[in-house]
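Read the structure below first, then the notes.
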Amino acid sequence: MTRIAVMNYDKCKPKKCNQLCIKYCPMVRSRVEAIRFEQNKIVISEKLCSGCGICVKKCPFTAISIVNLPDELEKDCSHRFSENSFKLFRLPTPSPGTVLGLLGQNGIGKSTTLKVLSGEIKPNLGNFQKPPEWVEIIQYYRGSSLQEYFQKMSESKIKISHKPQYVDKIPKAIAGKVKDLLEKIDQRKVLNKISEDLELKKIWDRDLTVLSGGELQRVAVTAALCKEADVYLFDEPSSYLDVKQRLHVAKAIRGLKEQQKTVIVAEHDLAIIDYLSDQICIFYGEPGVYGVVSHVHGVRAGINIYLQGYIPDENIMFRRESIIFHEKPPAVNAFGSEILLKWEKIEKTFSGFKLTAEPGEIRRGEIIGVLGPNGIGKTTFVKILAGLEEADDKRKFGELTVSYKPQYIAADYPGTVQELLMNVAKENFTSSYYKTEILQPLKIEPLLDRYVMELSGGELQKVAIATSLSRKADLLLLDEPSAYLDVEERLNMAKTVRRIVEAHGTPAFVVEHDVVTQDFLADRLLVFSGEPGVVGNAKPPTTLRKGMNSFLKEMNVTFRRDSLTRRPRVNKEGSRLDLMQKEIGEYYYTRVMRQKSK
1 MTRIAVMNYD
11 KCKPKKCNQL
21 CIKYCPMVRS
31 RVEAIRFEQN
41 KIVISEKLCS
51 GCGICVKKCP
61 FTAISIVNLP
71 DELEKDCSHR
81 FSENSFKLFR
91 LPTPSPGTVL
101 GLLGQNGIGK
111 STTLKVLSGE
121 IKPNLGNFQK
131 PPEWVEIIQY
141 YRGSSLQEYF
151 QKMSESKIKI
161 SHKPQYVDKI
171 PKAIAGKVKD
181 LLEKIDQRKV
191 LNKISEDLEL
201 KKIWDRDLTV
211 LSGGELQRVA
221 VTAALCKEAD
231 VYLFDEPSSY
241 LDVKQRLHVA
251 KAIRGLKEQQ
261 KTVIVAEHDL
271 AIIDYLSDQI
281 CIFYGEPGVY
291 GVVSHVHGVR
301 AGINIYLQGY
311 IPDENIMFRR
321 ESIIFHEKPP
331 AVNAFGSEIL
341 LKWEKIEKTF
351 SGFKLTAEPG
361 EIRRGEIIGV
371 LGPNGIGKTT
381 FVKILAGLEE
391 ADDKRKFGEL
401 TVSYKPQYIA
411 ADYPGTVQEL
421 LMNVAKENFT
431 SSYYKTEILQ
441 PLKIEPLLDR
451 YVMELSGGEL
461 QKVAIATSLS
471 RKADLLLLDE
481 PSAYLDVEER
491 LNMAKTVRRI
501 VEAHGTPAFV
511 VEHDVVTQDF
521 LADRLLVFSG
531 EPGVVGNAKP
541 PTTLRKGMNS
551 FLKEMNVTFR
561 RDSLTRRPRV
571 NKEGSRLDLM
581 QKEIGEYYYT
591 RVMRQKSK
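Quick note: the sequence shown, position 397, residue 397 per my numbering, numbers continuous.
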């Protein structure tokens with residue numbers, strides 16, 4: 001067996017735990033130095049470790065992970081950063097004229113893979129102490145397309161354009177206006193078309209420092225597309241974008257196929273990666289410990305394999321339970337039609353923008369999904385309900401206690417995650433119900449000893465959701481809760497919110513751009529339309545079928561259901577199904593479509 005021992009040094013606090021891992025290690029007791037304290041940190045020798053797992057159980061800060069893997073996998077090691085750190089096995093094989101999608105959890109090696117393929121990281125084949133030269137790396141990958149790829153990279157004969165994951169860091173690295181930045185790098189002379197498709201003309205003269213997350217994302221994608229390159233790498237290109245913008249970005253990226261470019265995309269939105277990709281590589285393993293890249297699969301088969309959690313050609317099961325979709329909402333409201341909140345017509349006027357929301361109501365135990373483009377007033381509407389914004393008529397919405405998770409989360413709490421949740425949940429924090437219904441499904445327990453200010457975007461999002469669900473409230477308001485989360489985390493979040501709402505009868509408004517997540521969550525939909533940044537109109541809440549049809553008709557997009565997993569899939573524009581569904585006016589729920597078409 002190949003043994004991987006990984007230390008999370010952000011969690012490890014050897015001065016506070018009396019070094020219990022060393023104290024209880026059977027090998028150390030037998031005078032074999034399998035664990036040692038060196039240069040103020042714990043170091044585990046994988047060769048001497050017996051793999052008993054006692055140190056993992058004894059560590060009070062859950063800083064140690066030990067995994068046993070088959071010996072055959074060791075020869076496939078592509079990269080390791082240092083001793084007791086993350087280990088990546090295999091790499092995807094780039095192919096010209098093909099869009100390859102990378103699908104997997106956060107912390108499983110997708111961004112590392114893209115950095116290796118972009119040349120930012122030179123693969124060391126697991127030998128971090130004496131990294132191999134290019135000759136050895138090329139020899140290692142002989143017989144595969146990676147041999148030629150790394151050969152060209154070593155000779156600087158390959159041009160690579162890489163769109164990084166965290167676009168919010170761009171203004172810290174680059175200064176200036178959108179126009180100046182993009183015109184400077186328009187090597188392919190396609191800026192006019194792409195800026196038109198991605199609606200950048202409105203922000204053409206703005207400085208990068210004042211752009212929102214969605215605007216920065218579109219600028220970053222445009223910059224990557226405008227460069228003349230052989231290989232294009234995109235790390236999460238749909239973050240911060242609404243459905244329409246995501247599809248426009250996907251179309252622009254797919255356009256690179258016509259020039260026989262090599263395109264690789266890491267993405268968490270199932271509908272978008274399905275629409276974008278020709279092939280899929282699945283990443284599995286243990287987040288932060290090791291990641292394995294699967295062989296290439298067709299896009300439909302690859303996504304279905306990921307949802308089922310079993311890779312037949314490798315005989316690997318990486319998840320115990322399949323992710324299952326339902327063709328119609330599974331909700332049965334145990335609280336009947338009891339109305340908790342009713343609102344009359346709401347108007348809110350800003351300089352250059354006006355929001356109008358038609359009268360509506362929300363019932364106890366109900367989740368209303370909020371759909372619409374960016375800049376159309378969704379967040380403003382939610383803030384008015386939360387009491388953070390005033391409507392034009394200064395009207396208040398009763399004496400309801402509201403729990404609100406904002407769109408943009410600030411990590412400004414000085415203490416640990418546990419201290420934050422204990423302050424919010426009070427005596428409920430110690431209950432088994434709280435542990436099994438909130439902490440475990442959202443995977444908060446490993447974060448409890450971490451300081452809030454040290455958390456990554458995805459970790460901070462999960463803590464913010466847990467905090468919102470922990471408050472005693474009459475109404476839940478969640479603004480974009482799936483941002484930064486991977487596929488499994490999004491669906492776990494959706495299940496958790498639904499369980500809490502159904503158990504307590506606390507209704508929820510959920511603003512969300514991921515159509516697959518909305519499909520999992522919502523009982524009814526509140527659809528916003530209008531002109532982004534100018535005027536926003538919200539119709540009364542309606543059924544999922546009507547709401548999806550209304551929203552997707554405006555987007556000019558149709559969805560079908562996968563015959564095996566029932567997950568929503570985007571139809572290619574102009575395809576037979578796309579044209580047929582548009583003709584009969586069924587943009588989403590295909591069972592109804594089939595009945596009508598008979």
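Idealized CB from N, CA, C, for every residue including glycine.
Using alpha carbons as the reference points, say which of R395, K11, V516, V534 lies closest to A271.
-> V516
Would you grab the beta carbon distance between G458 and N127 for me? Rounded to a whole angstrom, and I think it's under 8 Å.
-> Not confirmed; about 30 Å, so no contact.
H295: buried (16+ other C-beta within 10 angstroms of its C-beta) or exposed?
-> exposed
If we ignore side chains and look at the alpha-carbon of each, how far apart do N84 and A473 end up?
-> Looking at the two C-alpha atoms, the distance is approximately 44 Å.
Enumerate in chain order the residues of its own chain whose CB-to-CB distance from I54 is below 6 Å, with the five nearest sequence positions on each side excluded.
-> Y24
Looking at the unbroken alpha helix (DSSP H) that takes in T222, where does it start and where does it end?
-> 213–226
Alpha-carbon spacing of K599 relative to V67, whole angstroms = Any answer about residue 599 is impossible in this case: the structure gives the chain only from 1 up to 598.
Quick one: Cα of L371 to Cα of F381, how far?
-> 12 Å
List the residues that DSSP assigns as beta-bridge partners of V510.
-> G369, L478.
Can the beta-carbon of Q518 be found less than 9 Å from the beta-carbon of G369?
-> yes
Would you check if there are 3 or more beta carbon pairs closer than 8 Å linking the region 388–408 to the region 549–566?
-> With a cut-off of 8 Å, the region 549–566 and the region 388–408 do not count as touching, because too few Cβ pairs lie within range.
Taking contact to mean at least 3 C-beta pairs separated by less than 8 Å, is the region 478–487 in contact with the region 525–536?
-> no
Might you give, ordered along the chain, the residues of its own chain that have their beta carbon closer than 6 Å to the beta carbon of A391, omitting 5 neighbours on each side?
-> I346, K348, I384
Pull up the distance between the alpha-carbon of L102 and that of D486, whole angstroms please.
-> 12 Å
Coil, strand or helix - Q19 by DSSP = In the three-state reduction of the DSSP assignment, Q19 falls in the coil class, being assigned neither a helical nor a strand state.
How is the beta strand (DSSP E) around D235 delimited, first residue to last?
-> DSSP places D235 inside the beta strand (DSSP E), whose first and last residues are 231–235.
Assign I409 to one of three DSSP states: helix, strand, or coil.
-> coil
If we call anything under 9 Å between Cβ atoms a contact, is V424 one with D449?
-> Contact flag unset, no.
What is the residue span of the beta strand (DSSP E) that G161 lies within?
-> A small correction: the amino acid at residue 161 is Ser; Gly does not occupy that position in the sequence shown. Segment 160–163, the beta strand (DSSP E) holding S161.
Assigned secondary structure, S111 (DSSP; H/G/I helix, E/B strand, else coil) | helix
Can you find at least 3 beta carbon pairs, one from the region 438–449 and one from the region 484–499, that sit closer than 8 Å?
-> Taking 8 Å as the limit for Cβ pairs, the verdict is that the region 484–499 does touch the region 438–449.
Secondary structure of Y240, DSSP reduced to three states = coil
9 Å Cβ cutoff met for A503 and E437 | Yes, the pair counts as a contact, with Cβ atoms nearer than the cut-off.
Quick one: what's got a C-beta closer than 8 Å to G352's C-beta in the same chain, skipping five residues either side?
-> G533, V534
To which residues of the same chain is L307 closer than 7 Å at the C-beta, ignoring the five residues directly before and after it?
-> S322, I323, T565, R567
Limits of the unbroken beta strand (DSSP E) element including K342 = 339–343
Would you kindly work out how many angstroms separate the C-alpha atoms of G387 and L340, rounded to a whole number?
-> 16 Å
Identify the residues that DSSP records as bridge partners of I42: which are they?
-> F37
So Y140 is in the alpha helix (DSSP H); what residue range does that whole segment cover?
-> Judged by DSSP secondary structure, Y140 falls within the alpha helix (DSSP H) whose first and last residues are 134–140.
Inter-residue spacing [alpha-carbon to alpha-carbon] between N2 and R90 | The displayed chain sequence assigns Thr, not Asn, to residue 2. Their Cα atoms are separated by approximately 15 Å.
Count the CB pairs spanning the region 125–143 and the region 175–185 that are closer than 8 Å, and state whether there are at least three.
-> When C-beta atoms of the region 125–143 are compared with those of the region 175–185, fewer than three pairs fall below 8 Å, so the two segments do not count as touching.
Among Q217, F325, K261, L420, which one has its Cα closest to the Cα of L200?
-> Q217
Apply the 10 Å Cβ neighbour rule to K169 and answer buried if 16 or more other Cβ atoms are within range, or exposed otherwise.
-> exposed
From the DSSP output, in three-state form, read off V402 for me.
-> Per DSSP, reduced to three states, the secondary structure at V402 is strand.
Tell me where the beta strand (DSSP E) around I362 begins and ends.
-> 360–363
Tell me where the alpha helix (DSSP H) around E459 begins and ends.
-> DSSP places E459 in the uninterrupted alpha helix (DSSP H) bounded by 457–470.
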